[in-house]
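Chains as they are written, first to last, in the numbering used here: chain A, 715 to 804; chain B, 12 to 174; chain C, 998 to 1124. Beta carbons are placed, not taken as given, at the ideal position from N, Cα and C, and that holds for glycine. These figures come from a predicted structure and were not determined experimentally. Here is the structure we will look at, set down as structure tokens.
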Amino acid sequence: MILTYALDFTLGCFGIALLLNLWLLLRGSNVVDRVLALDTMVVNSIALIVLYGIKSGSALNFEAAILFAMTGFVSSVAFAKYLTRGSVIE
Amino acid sequence: MMRRLFPHPYLSLTLFIVWFLLVNDLKLGSAVLAAFLAITIPLLTGAYWPNRPQIKSVPALIAYGLIVFWDVILANIQVARIILFMPADRIRSAWIPVPIELRTPEAIALLSGTITMTPGTVTADMSDCGRVLLIHALHAPDPDAVRDDIKTRYEARLKRIFE
Amino acid sequence: MIGLDQITEIVIAALLVIGGIFGLIGSFGLLKLRDPMQRLHAPTKATTVGVGTALLASVLDLWIFEATLTWQELLVIAFLFLTAPITALFLAKAHLHLTVRHEDIPPTGTKRPWATYSTDDADEFQP
């Protein structure tokens, strides 16, 4: 019973967090801010996937979470590397 | 013979365990595949990192992990308080150069990762010669105290573990 | 009388709420802090720990109420905690390169400059 309320609260928290990130993504002062906002969006989305896993009571979503974590990390690093050095693979 | 088959024993062990965590069940088949990956991946990539990291004391490494875990929790409460309750114009951020005595790349990587995850600091850059770390502190009225804290709390322990 | 199930339920609920609050603080900090370098602090710490706590709650929940013990979440937690400092370092270097002038940060104190501002391509790292 209490778990259902806690789950809804947490889903709400991460949903609002995602919206705040979207705000920074649109209104960020420079490109580093936007990459940071995207990276945070990825992490918050992982949280949403996992919470959905609790809600539906299945363990199948975690592969999606792992893949999301990996692609999110690689894309943020590649973006930052491109901004610093002008190329991704040297 | 053992040295040529397992150029990086810690990497092999980690790969073996991580594969089991990934497939998420205990079967003989996954053990065979895990062993295959644990042997071939270090052999194929060994040419890129010829030096094996020296860990002098495993208990000290575990103790270090626990200390960092505790500090991560404390650091988060601290950062959360700064974000929530401190007016933005009163936050005093500072760049702090920290000279380091560690020389092994693994120890420096671990130190900079620890600095990023713990109290209000982010590792931003390193000097070209690898002897100074540039750290950005979120709220540091006393930058020297932050530097000394990093040196005594983390660097001294890492020096005992790796060098 | 409170049973064992209720205690675990309360623990899981507490973990979930803490995780949600930290996730929200991380994203709120992104908007509140003024300087781009300060903004880097919020998601690397608060968001990572928030998501880590939520993952821990889901491990406990599936283990106790669905009787399926999954280890993959632990892998996700480890991965997030290992990659957060690396992403932060790369973004900090990108920020230094793009917007911060060489004179605005303190000198290294050695003969060599900071790696981001180094002009020659030679790798001077001497372990």
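| query | result |
| --- | --- |
| Distance between beta carbons of B:Val90 and B:Ile161, contact taken as under 8 Å | Between B:Val90 and B:Ile161 the Cβ distance is about 16 Å, and since that is not below 8 Å, they are no contact. |
| Cα-Cα separation between C:Arg1031 and A:Ala731, rounded to whole angstroms | 18 Å |
| Neighbourhood of C:Phe1076 by C-beta distance below 8 Å, restricted to the same chain and skipping five residues each side | none |
| Residue from C:Thr1041, C:Glu1100, C:Val1048, C:Thr1005 whose Cα sits closest to the Cα of C:Ala1125 | Since the first and last residues shown for chain C are 998 and 1124, residue 1125 of chain C lies out of range. |
| Residues of the region 1086-1105 of chain C whose Cβ lies closer than 8 Å to any Cβ of chain A, in chain order | Phe1087, Leu1088, Lys1090, Ala1091, His1092, His1094, Leu1095, Thr1096 |
| Nearest candidate by alpha-carbon position, reference B:Tyr165, set B:Ala74, B:Ser23, B:Asp100, B:Asp153 | B:Ala74 |
| Proximal residues of chain A, C-beta to C-beta of C:Leu1077 below 9 Å | Val757, Ile760, Ala783, Phe787 |
| Classification of C:Ala1112 by the beta-carbon crowding that lies within 10 angstroms, buried from 16 upward | buried |
| Rounded separation between C:Arg1036 and C:Leu1027 - CA only | 5 Å |
| Closer than 8 Å at the beta carbon, the chain B residues around C:Ser1115 | Asp139 |
| Three-way DSSP call (helix, strand, coil) for C:Gln1123 in this model | With a pLDDT of only 48 at C:Gln1123, under 50, the local geometry of the prediction cannot be trusted, and the value read off the model is given with reservation. Looking at C:Gln1123 - three-state DSSP - the assignment turns out to be coil, as it is neither helix nor strand. |
| CA-to-CA distance, B:Ala86 to C:Val1056, given in whole angstroms | 24 Å |
| Buried versus exposed, by CB contacts within 10 Å (16 or more), C:Leu1088 | buried |
| 8 Å Cβ cutoff, C:Pro1124 in contact with chain B | Its pLDDT being 44, under 50, C:Pro1124 is placed unreliably by the model, and nothing is read from it. |
| C:Pro1082 at chain A interface by Cβ criterion, 8 Å | no |
| Residue interval of the beta strand (DSSP E) (run including B:Thr132) | 132-137 |
| Contact set for A:Asn775: own chain, Cβ-Cβ below 8 Å, skip 5 residues either direction | Ile763, Val764, Tyr766, Gly767 |
| Straight-line Cα distance separating B:Ala42 from B:Val143 | 43 Å |
| CB contact check: C:Ala1112 to chain B, cutoff 8 Å | yes |
| Reduced DSSP category for C:His1099 - H, G, I as helix; E, B as strand; rest coil | helix |
| For A:Val746 and C:His1038, believed in contact at Cβ under 8 Å, the rounded distance | Not quite, the Cβ-Cβ distance comes to about 14 Å (not below 8 Å), so this is no contact. |
| CA-to-CA distance, A:Ala751 to B:Glu117, given in whole angstroms | 29 Å |
| Segment limits, alpha helix (DSSP H) that includes B:Pro108 | Taken as a continuous stretch (DSSP letters only), B:Pro108 belongs to no alpha helix (DSSP H), being part of the beta strand (DSSP E) at 105-110. |
| Partner residues on chain B for C:Asp1032, Cβ-Cβ distance less than 8 Å | Ser104 |
| Neighbourhood of B:Met137 by C-beta distance below 6 Å, restricted to the same chain and skipping five residues each side | Leu144 |
| Under 9 Å from the C-beta of A:Ser801: neighbouring residues of chain C | Chain C residues near A:Ser801: none, gap ~13 Å exceeds 9 Å. |
| DSSP three-state assignment for A:Ile763, whether helix, strand or coil | helix |
| Option in B:Arg92, B:Ile94, B:Phe31, B:Leu22 with minimal Cα separation from B:Pro64 | B:Leu22 |
| Where B:Leu144 sits in the DSSP three-state scheme | strand |
| Buried versus exposed, by CB contacts within 10 Å (16 or more), C:Gln1123 | In this prediction, C:Gln1123 has a pLDDT of 48, which is less than 50 and means its spatial position is unreliable; what the coordinates show is noted afterwards. Label assigned to C:Gln1123: exposed. |
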